[in-house]
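As you go down the protein sequences, you meet chains A and B in turn. The numbering of the first sequence is my numbering, which starts it at 1 and goes up by one. The numbering of the second sequence is my numbering, which starts it at 116 and goes up by one. Ideal Cβ positions, reconstructed from N, Cα and C, are used throughout, including at glycine.
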Amino acid sequence: EPEVTQTPSHQVTQMGQEVILRCVPISNHLYFYWYRQILGQKVEFLVSFYNNEISEKSEIFDDQFSVERPDGSNFTLKIRSTKLEDSAMYFCASMGQIDAKTIQYFGAGTRLSVL
Amino acid sequence: RKEVEQDPGPFNVPEGATVAFNCTYSNSASQSFFWYRQDCRKEPKLLMSVYSSGNEDGRFTAQLNRASQYISLLIRDSKLSDSATYLCVVSQASGGSYIPTFGRGTSLIVHP
Numbered sequence: 001e002p003e004v005t006q007t008p009s010h011q012v013t014q015m016g017q018e019v020i021l022r023c024v025p026i027s028n029h030l031y032f033y034w035y036r037q038i039l040g041q042k043v044e045f046l047v048s049f050y051n052n053e054i055s056e057k058s059e060i061f062d063d064q065f066s067v068e069r070p071d072g073s074n075f076t077l078k079i080r081s082t083k084l085e086d087s088a089m090y091f092c093a094s095m096g097q098i099d100a101k102t103i104q105y106f107g108a109g110t111r112l113s114v115l
Numbered sequence: 116r117k118e119v120e121q122d123p124g125p126f127n128v129p130e131g132a133t134v135a136f137n138c139t140y141s142n143s144a145s146q147s148f149f150w151y152r153q154d155c156r157k158e159p160k161l162l163m164s165v166y167s168s169g170n171e172d173g174r175f176t177a178q179l180n181r182a183s184q185y186i187s188l189l190i191r192d193s194k195l196s197d198s199a200t201y202l203c204v205v206s207q208a209s210g211g212s213y214i215p216t217f218g219r220g221t222s223l224i225v226h227p
């Protein structure tokens with residue numbers, strides 16, 4: 001079964017440092033997403049990406065965040081200057097269609113710990 | 116604010132029990148509805164889509180009530196392996212993309 005892969009599985013960084021979280025979506029999918037989940041809280045939408053540009057973003061996705069699809073396969077989330085409150089699980093998802101339903105498939109996530 | 120509300124539980128049930136979860140959503144323009152399952156510290160995994168006419172997949176039955184804006188999930192003959200958090204997800208189309216909104220999840224604990 002095709003899957004979304006994310007690296008690294010765990011990233012530890014110092015406050016103020018830049019981090020890049022990487023994702024390889026399912027190859028024939030066209031829509032890509034980043035979510036975050038703070039420990040014990042709900043999954044929160046960050047941004048969606050289609051046709052090499054951001055299609056939607058939430059209020060969480062401020063100027064500290066950026067996304068890129070640099071080479072047609074990887075999809076990255078960059079946090080420019082990490083804060084303690086950025087500590088969370090970050091999930092990448094890609095979306096395709098099954099039986100006329102749009103279905104999202106999630107990667108296993110990157111746990112970001114900001115110290 | 117567009118929200119998806121779920122009872123966080125936990126629902127603590129014995130093996131073999133039938134258990135039902137409800138989820139309400141506030142955006143009447145919502146178009147797609149899903150139940151996901153999330154195990155502790157893992158990614159959400161699609162359990163089933165929810166269709167207008169209701170649908171069943173083995174021990175799991177999902178229902179949608181658009182008039183009252185809620186969806187439900189029924190699990191029959193609960194197994195220990197059903198223990199997880201069940202996430203209600205509601206999507207609306209926006210500029211060609213689908214933006215899902217997640218509920219906080221309902222925790223299910225199935226005990227022997």
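Counting only Cβ pairs nearer than 9 angstroms, list the residues of chain A close to B:L202. Here residue 202 of chain B is taken as the residue at index 87 of the second sequence, counted from 1. By Cβ distance, chain A contributes K42, V43.
When the distance is taken between beta carbons, is B:E130 closer than 9 angstroms to B:V225? As a first step, residue 225 of chain B is located in the second sequence; it is residue number 110 there, counting from the start. As a first step, residue 130 of chain B is located in the second sequence; it is residue number 15 there, counting from the start. Yes.
Nearest neighbour of B:F217, chosen from A:S55, A:F45, A:V114, A:D63 [CA to CA]: The residue labelled residue 217 of chain B in the question sits at position 102 within the second sequence. When each option's Cα is compared against that of B:F217, the closest is A:F45.
Sorted by chain position, which residues of the same chain lie with C-beta nearer than 7 angstroms to A:K83's C-beta, five sequence neighbours on each side aside? Reading the first sequence from its first residue, position 83 is the one you call residue 83 of chain A. Here the set comprises M15, V114.
Partners in chain A for B:L161, counting only beta-carbon separations shorter than 8 angstroms: Position 46 of the second sequence, counted from the first residue, corresponds to residue 161 of chain B. Result: I103, Q104, Y105.
If you draw a straight line from the alpha carbon of B:Y166 to that of B:P123, how long is it in whole angstroms? As a working mapping, residue 166 of chain B is identified with position 51 in the second sequence. As a working mapping, residue 123 of chain B is identified with position 8 in the second sequence. The straight-line gap from Cα to Cα measures roughly 23 angstroms.
Chain B within 9 angstroms of A:F65, Cβ atoms only: Looking up residue 65 of chain A in the first sequence gives position 65. A:F65 does not count as touching chain B.
Just checking: is the beta-carbon of B:Y213 within a distance shorter than 9 angstroms of some beta-carbon in chain A? Position 98 of the second sequence, counted from the start, is the residue given in the question as residue 213 of chain B. Chain A contact via Cβ: present.
Completely contained beta strand (DSSP E) runs for the stretch 61 to 97 of chain A, where each covers 3 or more residues: 65 to 68, 75 to 79
For A:Y105, which of B:V128, B:S164, B:L189 has the nearest alpha-carbon? Taking the first residue of the first sequence as position 1, residue 105 of chain A is located at position 105. Of the candidates B:V128, B:S164, B:L189, the one whose C-alpha sits nearest the C-alpha of A:Y105 is B:S164.
On the three-state DSSP scale, how would you describe B:D172? Along the second sequence, one-based indexing puts residue 172 of chain B at 57. Correct three-state label for B:D172: strand.
Who are the near neighbours of A:N28 in its chain, counting only those whose CB is closer than 7 angstroms to its CB and skipping five residues on each side? Within the first sequence, the letter at position 28 stands for residue 28 of chain A. Counting only Cβ-Cβ distances below 7 angstroms, and skipping sequence neighbours, we find G96.
Own chain residues within Cβ distance below 8 angstroms of A:I103, not counting five before or after: Within the first sequence, residue 103 of chain A is the residue found at index 103, counting from 1. If we look at A:I103 and ignore the five residues flanking it on each side, its Cβ neighbours are M95, G96, Q97.
Bridge partners of B:A144, per DSSP? For this step, residue 144 of chain B is matched to residue 29 along the second sequence. None, per the DSSP bridge assignment.
Extent of the continuous beta strand (DSSP E) run through B:I224: Counted from its first residue, the second sequence places residue 224 of chain B at position 109. 221 to 226 is the span of the beta strand (DSSP E), which, as asked, contains B:I224.
Other residues of its chain near B:E118: CB distance less than 6 angstroms, five sequence neighbours each side excluded: For the purposes of this step, residue 118 of chain B is taken as residue 3 along the second sequence, with counting starting at 1. These residues qualify, in order along the chain: S141.
Between the Cα of B:S196 and the Cα atoms of B:A144, B:D154, B:A177, B:F126, which residue gives the shortest distance? Counted from its first residue, the second sequence places residue 196 of chain B at position 81. If we check each option's Cα against that of B:S196, B:D154 comes out closest.
Which whole-angstrom value is the C-beta distance of B:Y125 and B:L223, which I expect to be below 8 angstroms? Here residue 125 of chain B refers to the residue found at position 10 when the second sequence is read from its first residue. Here residue 223 of chain B refers to the residue found at position 108 when the second sequence is read from its first residue. Reading off the sequence, residue 125 of chain B comes out as Pro, not Tyr. Going by Cβ atoms, the distance from B:P125 to B:L223 rounds to 7 angstroms, so yes, they are a contact pair.
Under a Cβ-count criterion, where at least 16 other Cβ atoms within 10 Å of its own Cβ denotes burial, should A:E3 be classed as buried or exposed? Taking the first sequence and counting its residues from 1, the one referred to as residue 3 of chain A is at position 3. The residue in question, A:E3, is exposed, as its Cβ has fewer than 16 Cβ neighbours within 10 Å.
Inter-residue spacing [alpha-carbon to alpha-carbon] between A:T7 and B:L161: By 1-based counting over the first sequence, the position of residue 7 of chain A is 7. By 1-based counting over the second sequence, the position of residue 161 of chain B is 46. So the alpha carbons of these two residues sit roughly 21 angstroms apart.
Cutoff 6 angstroms; reference B:G173; Cβ partners in own chain excluding five residues on either side: Taking the second sequence and counting its residues from 1, the one referred to as residue 173 of chain B is at position 58. Around B:G173: no qualifying Cβ.
Helix, strand or coil for B:S196? Go by DSSP, reduced to three states. Numbered from 1 along the second sequence, position 81 holds the residue referred to as residue 196 of chain B. Looking at B:S196 - three-state DSSP - the assignment turns out to be helix.
Opposing strand residues paired with A:Q104 [DSSP bridges]: Position 104 of the first sequence, counting from 1, holds the residue named residue 104 of chain A. DSSP, once it has assigned bridges, lists A:M95 as partnering A:Q104.
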